[in-house]
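Protein chains in written order, with my numbering: chain A, 58 to 400; chain B, 159 to 491.
Pasting the structure below:
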């Protein structure tokens, strides 16, 4: 190892530790902050009680709020942010398009179509849940985009396919809603287009944790292949990479992660787009470092965004997608502007 | 003295009615514009279930050319009359479908249907065809907000509904029927007030209409809507302080307020899973936090027609339902 590489490695480790610490602080804040005023002592006791470490007497409703609402919500937000950022990074590399991300590619639109099909058309005759419908819809939209965009890839084709998919599935959703939904004053069925962490509980944590962990491992496993993809498929092939197999595996993993997230919390835009660019700006384009960085920064971003969404107009809740865009766009603009000056 | 005052109060609106009724052309200030009626409508269209139900209650079925925007089945006592009225659409109809009925009057429940961004058409569009339109005063008081159900700066009051009944009945030249209907509802409200008196001061309520997802944040009644009015008549407290009609509130915030009674809306609509009252009840008794609330553990859960939670002719029934439930729970003390 040369001195410069050691320095780089040390800087990287310090960076990871920094983000990890920030993530822990943010998650602690996520657990401590809420509409119910709960003393910090009770908050800590509630967590240690449930972990079986202590048996401190605390009001049971407060304990349940800490453990069943706030902690599970914080964890799902973290995994969700990690999963979406990771999906964005993979799609951007694989499709060689800086704009690729699940939201832009119409996957969330597919999820909402799936959800309203189950709810309003009665697909699955009550046997499948709304989440399962959203999951299937997301996969369908994803398959549609990949099918349209595969073959000789140009940057515009992917985005065009995504735009087409979004339009198609949004139109289908509107069609189903206007033909099947009962009349109502102003509300629409559009939860799937805005996103919310309000309904998540512990079973969701388990699901999100396992899907994102598997996704992260598989993606990191392929990080060298992803590096090669940066130079195009031909270059990757000449480096001895099974291009077709890698593509299919990584697209499947991305689809799985995205569909799981969307079916759980609805579509949350911008994370998959912004975080990979931010992470690339910090750690460079090498996927071995980029992918874990994306996961960590994505998790941090989402946990903070969730806290903001809960306190900004309390006791009402701002849709999380609004926060990610409001916080994300200025942040992204700074990155773009600085990148322009560097170039 | 006391009786004299009541007599004066009762007589005041009555004289106001009789002086203007039967005088066509009739001009009524409605929702910021004037409605001019040359003669009593013979082919009215009701846009919005409540407007239609009021017209049916006034015995005007044979003077209606159609109805649309239905949230649930018609009130049972109006079913036979409603059969006679052509249903244009269950949901929001388009402009031509309404015009095709050749209406001579539009009675709309919501500004979202005929307001400046009216989904059916604007009032001006109808006026251009010589069709006068009337919007429920209960909805005019709501600030329109496309992203939600709007907000209400001033508490809803049954007076707005009485005004609607009164104005519609005068326009249709059946002012006497309107007076009778208003008197009936007033008597029912007075009966509840007498029964509850100030015995529900320690009761706090939350009205759960529906939710985008069952376990997620809930659409609950804001302080100034019809549900807020019910709570006020009962002398109880609504735990939500938002001016919005149906703010989206998290269960942690609801748990923090620890309501004495949870009122859940029943409806035929199934646009969201939480529209189903069974799903609502299931959530209340299984959620790790909400199931531990006093109201849930003691079974202080009331089911109420969701339309009664909005300003409608059914609000009075909602008031009676909640009052009777509080009594049966032993919460009136």
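Glycine included, every Cβ here is placed at the ideal spot set by N, Cα and C.
Given the structure is predicted, the values throughout are model-derived calculations rather than measurements.
Option nearest residue i by Cα separation, candidates the options
i	options	result
residue 252 (chain A)	A:321, A:284, A:269	A:321
residue 463 (chain B)	B:231, B:186, B:188, B:218	B:231
residue 81 (chain A)	A:99, A:91, A:132, A:67	A:132
residue 314 (chain A)	A:379, A:177, A:143, A:155	A:143
residue 86 (chain A)	A:101, A:74, A:316	A:101
residue 467 (chain B)	B:221, B:285, B:192, B:296	B:296
residue 474 (chain B)	B:484, B:444, B:343	B:343
residue 355 (chain A)	A:221, A:341, A:324, A:328	A:328
residue 310 (chain A)	A:268, A:326, A:256, A:346	A:268
residue 348 (chain A)	A:180, A:380, A:280	A:280
residue 249 (chain B)	B:260, B:268, B:262	B:268
residue 116 (chain A)	B:435, B:413, B:340	B:413
residue 108 (chain A)	A:123, A:90, A:155	A:123
residue 92 (chain A)	B:398, B:457, B:336	B:398
residue 347 (chain B)	B:309, B:374, B:390	B:390
residue 277 (chain A)	A:303, A:292, A:76, A:186	A:303
residue 243 (chain B)	B:271, B:200, B:355	B:200
residue 170 (chain A)	A:99, A:274, A:140, A:223	A:223
residue 228 (chain B)	B:211, B:235, B:284, B:308	B:211
residue 282 (chain A)	A:345, A:263, A:141	A:345
residue 470 (chain B)	B:235, B:294, B:362	B:294
residue 284 (chain A)	A:341, A:273, A:323, A:331	A:341
Residue i: contacting residues in chain B (beta-carbon distance under 7 Å)
i	result
residue 255 (chain A)	374, 375, 408
Buried or exposed by the 16-neighbour rule on C-beta atoms within 10 Å, applied to residue i
i	result
residue 393 (chain A)	exposed
residue 421 (chain B)	buried
residue 183 (chain B)	exposed
residue 242 (chain A)	Note on residue 242 (chain A): pLDDT 46, under 50, position unreliable in the model; the coordinate value appears next. Burial call: buried.
residue 174 (chain B)	Here residue 174 (chain B) scores only 47 on pLDDT, less than 50, and its place in the model should not be relied on; the value that follows carries that caveat. Exposed, because fewer than 16 other Cβ atoms sit within 10 Å of the Cβ of residue 174 (chain B).
residue 123 (chain B)	This structure cannot speak to residue 123 (chain B), because chain B is shown only from 159 to 491.
residue 167 (chain B)	Confidence at residue 167 (chain B) is low in this model, with a pLDDT of 49, below 50, so the placement of that residue should be treated as unreliable; the coordinate-derived value is given next. Answer is exposed; the Cβ neighbour count stays below 16.
residue 472 (chain B)	buried
residue 366 (chain B)	buried
residue 425 (chain B)	buried
residue 320 (chain B)	buried
residue 353 (chain A)	buried
residue 226 (chain B)	buried
residue 312 (chain B)	exposed
residue 364 (chain A)	buried
residue 179 (chain B)	For residue 179 (chain B), the predicted model reports a pLDDT of 48, less than 50, meaning its position is unreliable and no value from the coordinates is stated.
residue 371 (chain B)	buried
residue 297 (chain A)	exposed
residue 275 (chain B)	exposed
residue 328 (chain B)	buried
residue 232 (chain A)	exposed
Contacts of residue i in chain A (Cβ-Cβ under 7 Å)
i	result
residue 400 (chain B)	373
residue 405 (chain B)	373
Listed by chain order, chain B residues near residue i by CB distance under 8 Å
i	result
residue 121 (chain A)	446, 447, 450
residue 93 (chain A)	410, 411, 413, 414
Residues that residue i contacts on chain A, provided the C-beta gap is smaller than 8 Å
i	result
residue 371 (chain B)	187, 248, 253, 255, 256
Contacts of residue i in chain B (Cβ-Cβ under 9 Å)
i	result
residue 406 (chain A)	Examination of residue 406 (chain A) is not possible in this model, given that chain A is present from 58 through 400 alone.
Start-end ranges of the beta strand (DSSP E) lying completely within the region 343-424 of chain B, minimum 3 residues: Considered as a whole, the region 343-424 of chain B harbours 362-368, 376-378, 419-424 as its complete beta strand (DSSP E) runs of no fewer than 3 residues, in chain order.
Which complete alpha helix (DSSP H) runs does the region 333-382 of chain A hold, if anything under 4 residues is left out? The qualifying runs are 344-368.
Residues of the region 125-149 of chain A with a CB closer than 7 Å to any CB of chain B: list them in chain order, please. So the list reads 125, 126, given in the order they occur along the chain.
Which full runs of the alpha helix (DSSP H) of 4+ residues lie inside the region 112-176 of chain A, going along the chain? Within the region 112-176 of chain A, the complete alpha helix (DSSP H) segments of 4 residues or longer fall at 117-121, 129-151, listed in chain order.
Mind checking the region 418-447 of chain B against chain A and listing, in chain order, the residues whose C-beta falls within less than 9 Å of any C-beta there? For the region 418-447 of chain B, the residues whose beta carbon sits under 9 Å from a beta carbon of chain A are, in order, 425, 426, 427, 428, 429, 430, 431, 433, 445, 446, 447.
Selection of the region 151-177 of chain A by Cβ proximity to chain B, strictly under 8 Å: Per Cβ criterion, the list reads 176, 177.
Every unbroken beta strand (DSSP E) within the region 180-219 of chain B, with a cutoff of 3 residues, ordered by chain: You should have 184-188, 191-195, 202-205.
Start-end ranges of the alpha helix (DSSP H) lying completely within the region 279-304 of chain A, minimum 4 residues: Those alpha helix (DSSP H) runs which fall completely within the region 279-304 of chain A and span 4+ residues are 280-286, 290-295.
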